[in-house]
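Right, one structure below, let's go through it.
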Amino acid sequence: MADTLTITDNRTGKHYEVPITDGTIRAMDLRQIRASADDFGLMTYDPAFQNTASCRSSITYIDGDKGILEYRGYPIDQLAEHSTYLETAYLILFGELPNAAQLDSWTREITLHTMLHENIKKFMEGFQYDAHPMGIFLSTAGALSTIYPDAKNISDADSRRLQVRRLIAKVPSIAAYAYRHSIGRPYIYPDNDLSFTGNFLNMLFKMTELKYKPHPVLERALDVLFILHADHEQNCSTSAMRGIGSSQADPYASLAGAAAALYGPLHGGANEAVLHMLKEIGSVNHVPEFIKRVKGGEGRLMGFGHRVYKSYDPRARIIKETADRVFEVTGRNPLTDIALELERIALEDDYFVSRKLYPNVDFYSGLIYQAMGFPLDMFPVLFAIPRTAGWLAQWDEMLRDNDQKIARPRQIYTGSARRDYATLTARG
Ligand code: CMC
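Right under this line is the structure:
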């Protein structure tokens, strides 16, 4: 059986044979199909890239029908059980799990880069007292571009590696400063004796104590959440990272754009939107009425549905288990009952079942963050910190891929045909 596709153009009666590789045809192979000599050639129309592969990638594998997620071949549940965020970030970035010496030096390298330039602190002080931390986060990530002009050297592998270390190390510091700024508390410098997540909790919550001691259960829970969010192949923000990076912009500018894409409520802002929704519903008794409104087209059930997963999101299952461990320490989040009832009703309802809408990663993560003491507007920032590893791995892979060029989709022009300029008086 030949791995080719034969196309008949009924406009001309001509036949074309195009190769099929990895279940795809090359869109450029369609360009030869022309109705006339001056025809541009056939294109595909795929708004929102629902059926277009934009790259080859060896980082993350998802089978949306079976609910499978793997980083570099390792199942997400095994990583969540045995790994740490920093080890997983290494795996995502460099392709293999580190040995003990590699993990040691990677951890040391990240720890060395946690401090922010004092000018960045001043920059952050300029934001309104009630600025949304995600707005502060993405602007500050972009501002780092001005501190590290060497990052423009994107064709130098050593320079790229340095920027990767800087960014992975500094995003928790930016996030923590954004939080402290929004509640008017002094910024806390990193404590390099602590783990990656332990230090993050320190920078967020330390008050007058000499040494902050993170609660081990909460520290581990946050680390697991970071593992679950570290990469998710070609989602909206990763595509933004690759798209901006394809113009050879430096990684700080590219990451600021990726974070901006993550901010939206259909993507990383969904965790915050879920909590607003649960608060609005207010009680388990109001759930049926809310579901009725969603089915009637009045808004969406936030935290439900996914472009790729058409069965349960494997991350949601792990998050639900993590929530139980966190609630043993913090007490149960009272909104949990509303979430559970929403899930129960939605999973029995034909509207959601027929559209294959299941809880996604954002449905339960916010309940944990809230129980741990994070304000709602920090939730998208908590998504951005671990996703930094994925964005950078995808950016680096894109730069090393000879198939890639500057990203530039085509369009179908639907505007006016050519017409002559009319002066103001002639326009009537
Ligand atoms: N609530 C109610 N109906 C929904 C929902 C929802 N959450 N999601 C999709 N639908 C309906 C939609 O109205 C459409 O119905 P119909 O065929 O009758 O018009 C059908 O399901 C297909 O929806 P779609 O908009 O074509 O699906 P999509 O693949 O473009 O959107 C999504 C995916 C995640 C943006 C969408 O499911 C959604 O808006 N969910 C809520 C926001 C959310 O939780 N986002 C987080 C995603 S996971 C974390 C991440 O990667 O960022």
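Anchor point for the sequence shown: position 316 equals 322 in our numbering, and the numbering is continuous, going up by one each time. Ideal Cβ placement from N, Cα and C applies to all residues, glycine included. All of these numbers come straight from a predicted model, not from anything done at the bench.
Judging by CA-CA distance, which residue of the options is the nearest neighbour of residue i?
i	options	result
A106	D28, S89 and A8	S89
I233	R338, E76 and G275	E76
F358	L48, G302 and A246	G302
Y315	E239, E304 and L261	E239
M378	T50, R331 and I344	R331
A137	A54, R186, D45 and V335	R186
E349	A43, M308, K217 and D256	M308
G270	F385, V230, T113 and R17	F385
S188	L210, A432, F206 and L173	L210
H235	N159, R321 and L122	R321
S151	F202, D426, Q169 and L36	Q169
V230	Y427, T94 and R414	T94
K285	T431, N339 and A265	N339
H442	D110, S165 and R393	Residue 442 lies beyond the stretch modelled for the chain, which goes from 7 to 434, so this question has no answer here.
Q410	L388, L118 and Q254	Q254
A54	D164, T431 and R416	R416
H312	A432, R323, N241 and R433	N241
R361	G275, R306 and Y427	R306
E87	D426, E327, S165 and D164	E327
Under 8 Å, do residue i and residue j count as touching if we go by C-beta distance?
i	j	result
D368	V280	yes
P178	G204	no
W397	S145	no
D35	V24	yes
G73	Y318	yes
P192	T120	no
L405	I160	yes
S260	I412	no
Y5	L92	Because the chain here runs from 7 to 434, residue 5 falls outside it and cannot be looked at.
I65	E403	yes
Y258	Y154	yes
A182	F206	yes
K212	I194	yes
Thinking residue i and residue j are a contact (beta carbons under 8 Å), I'd like their distance in whole angstroms, please.
i	j	result
A329	Y364	17 Å between Cβ atoms; not a contact.
L268	A175	So it is not a contact: roughly 19 Å between Cβ atoms.
F129	A149	5 Å
Q400	R248	6 Å
I287	I325	Between I325 and I287 the Cβ distance is about 20 Å, and since that is not below 8 Å, they are no contact.
D407	R167	Going by Cβ atoms, the distance from D407 to R167 rounds to 17 Å, so no, they are not a contact pair.
D343	V290	5 Å
L99	A395	6 Å
H21	T14	5 Å
A265	A147	6 Å
V223	V335	5 Å
Counting only the same chain and skipping the five closest in sequence on each side, list residues whose C-beta sits under 6 Å from that of residue i.
i	result
L200	N208
D383	H138 and P139
A33	T50
G372	N277, V280, L281 and F385
A59	T30
K158	D256
I250	S260 and G263
R37	G47
I297	I351
D110	none
Considering only residues of the same chain and omitting the five flanking positions on each side of residue i, which have a CB-CB separation below 7 Å?
i	result
R40	G47
I142	M130, F133, A184 and H187
I68	I74, L75, E239 and V314
M283	M308
T18	A41
D71	K316 and S317
Q84	none
Looking at the strands, I want to know which residues DSSP matches up with residue i.
i	result
T12	E23
I74	D69
P365	F310
Y370	Y370 pairs with nothing; no bridge assigned.
P178	Answer is none; P178 lacks a bridge partner.
Y80	Y77
T30	T27
Which same chain residues end up closer than 8 Å to residue i when comparing Cβ atoms and leaving out the 5 residues on each side of it in sequence?
i	result
F310	A352, F358, L363, Y364, P365, N366 and F369
I31	L11, V24 and P25
I116	L92, R171, I174, A175 and F202
If we cut at 8 Å on Cβ distances, does residue i have a partner in chain B?
i	result
G249	No chain B appears in this structure, which consists of one protein chain only.
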